[in-house]
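Visitor:
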Amino acid sequence: MKNGIGFALLSTFVFSAMNALVKEASATIPAAEIAFFRGLIGTILILFFMQRSRISFSRNGVPMLFFRGAMGGFYMLAFFYTVAYMPLVDASILAQTSPVFVVLLSAIVLKERLSDKAKLFVPVILAGAMLVINPFQYSSFSWVALVGLSGALFAASASLSIRYLSRTHPAYEIVFYFVATSTIVAVPFMWNEFVVPDVRGALLLLAIGVVSLLGQLFLTKAFTHEHAAVVQVVSYAGLIMNALFGFIFWQEVPGWLAVAGGSLIVLGCIGLSTARKTGRIKERGLES
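The number in this note's numbering is simply the position in the sequence shown, starting from 1, with 219 added.
#1: Going by DSSP in three states, THR387 sits in which element: helix, strand or coil?
#2: Determine the contact status of ALA462 and VAL308, defining contact as a CB-CB distance below 8 Å.
#3: By DSSP, does GLN435 sit in helix, in strand, or in coil?
#4: If I follow the unbroken alpha helix (DSSP H) through SER230, where does it start and stop?
#5: What residue from GLY428, VAL363, GLY490, GLN435 has the CA that sits closest to ARG287's CA?
#6: Quick one: residues in its chain with C-beta nearer than 7 Å to the C-beta of PHE408, no 5 flanking neighbours on either side, listed in chain order?
#7: Under the three-state reduction of DSSP, which class applies to MET290: helix, strand or coil?
#8: Comparing alpha-carbon positions, which option in THR439, MET305, ALA239 lies nearest VAL394?
#9: By how many angstroms is the C-alpha of MET290 removed from the C-alpha of VAL363?
#10: Can the beta-carbon of ALA374 be found less than 8 Å from the beta-carbon of TYR294?
#11: Is the segment 264 to 279 touching the segment 381 to 398, taking contact as three or more C-beta pairs under 8 Å?
#12: In the structure shown, what three-state DSSP assignment does TRP475 receive?
So, in structure tokens, the structure goes:
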């Protein structure tokens, strides 16, 4: 398996674990506060890693770095909010619509194209996602769901900016701007809702901060090595992982459509990885 897809799968697993932690913490802590501490803890940790690796801040591309941070910050706010007010699986489904925006934006902004062989597996994965989503019975479309969909658009914008920035900036610096900017973005939303967490809540917030930073590092590495659309499509595997966590912690049993869709997603991801090894993904534009 190519490094990019391997990192994408690792980030998907880590973020699924973070989703479960956020769901648990949101029972007593507001979503914006969770996003704030997630960013604050991540900022402290990434500064330590940057100093240890002797990575200095760039003078070029700062506006795009802040843009990436802002998009990621708004995505986190939107996603944590939907997790707090919707079932975990529904919130995850909404977040997983971001590849639709990635495919559209990557064609316009990055001028990226998939090889013909890789294209064969994309509809397989998308079909699997549709089976898992089961839109004919999905009834959670509300203003909360609209927040989730807007979060998917923010996530797609952040993903493309990572792909662009990874050509000239180290992964640690890209992640720093994300966690630092997302901390600032969360402040106005939590100002009137701040809750002093108890010991259990504080431990959950610490775990969310550490786990999410690992996920961001894996995700940034994935976009450094792989095509933006491929990374996003592979992230559909997170639906399976969220279903697994739901079964383990909340005894949620997925239906046969979810099982069938999950199987297609896994097979499609394996096929996509194979296609990446044997066929080269065509990419043009934005040469540095």
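The beta carbon of each residue, even a glycine, is placed where N, CA and C say it ideally should be. A quick note: this is a predicted structure, and the numbers were derived from the prediction, not measured.
Guide: Answer, in terms of the structure:
#1: Coil, per DSSP.
#2: yes
#3: helix
#4: 222 to 244
#5: Of the candidates GLY428, VAL363, GLY490, GLN435, the residue whose Cα lies closest to the Cα of ARG287 is GLN435.
#6: ALA251, LEU296
#7: helix
#8: THR439
#9: 19 Å
#10: yes
#11: Touching, yes, given that three or more Cβ pairs across the two stretches are closer than 8 Å.
#12: helix
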